[in-house]
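Here is the structure we will look at, set down as structure tokens.
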Amino acid sequence: MSKFRVGIDVGSTHTDAVIIDENNEIVAADKTRTTPDVTSGIVSALKSVLEKSTISKDDVVAVMFGTTHIIN
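Below, the structure is given as structure tokens:
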């Protein structure tokens, strides 16, 4: 069974999400507008990129994100 990693980058105007496989190949990618509520935008980007892929969320072994926003 393959394992996948998800990366999310929250910028001031767009939130980018990508799924990478064990060979560091991009499986799926998504770009959405950054939301005023950064946390809901992260969740939305994660759901969207998973929907664009054919993988199960159970096969995701890591989710990493970067942002300049402050999150509680």
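Reading the sequence shown from the start, the letters are residues 14 to 85 in the working numbering.
Note that beta-carbon positions come from the ideal geometry of N, C-alpha and C, so glycine has one too.
CA-to-CA distance, residue j to residue i, given in whole angstroms
{"i": "residue 67", "j": "residue 38", "result": "14 Å"}
{"i": "residue 19", "j": "residue 64", "result": "13 Å"}
{"i": "residue 35", "j": "residue 17", "result": "6 Å"}
{"i": "residue 62", "j": "residue 49", "result": "20 Å"}
{"i": "residue 21", "j": "residue 15", "result": "20 Å"}
{"i": "residue 74", "j": "residue 83", "result": "25 Å"}
Residue i - containing beta strand (DSSP E), residue span
{"i": "residue 24", "result": "Looking at the DSSP string, residue 24 is not in any beta strand (DSSP E), and its letter there is neither H nor E."}
{"i": "residue 39", "result": "39 to 46"}
Rounded distance between the beta-carbons of residue j and residue i, thought under 8 Å
{"i": "residue 51", "j": "residue 80", "result": "6 Å"}
{"i": "residue 30", "j": "residue 42", "result": "7 Å"}
{"i": "residue 45", "j": "residue 25", "result": "Not really, about 13 Å apart at Cβ, beyond 8 Å."}
{"i": "residue 40", "j": "residue 78", "result": "Wrong, their Cβ atoms sit about 17 Å apart, outside the cutoff."}
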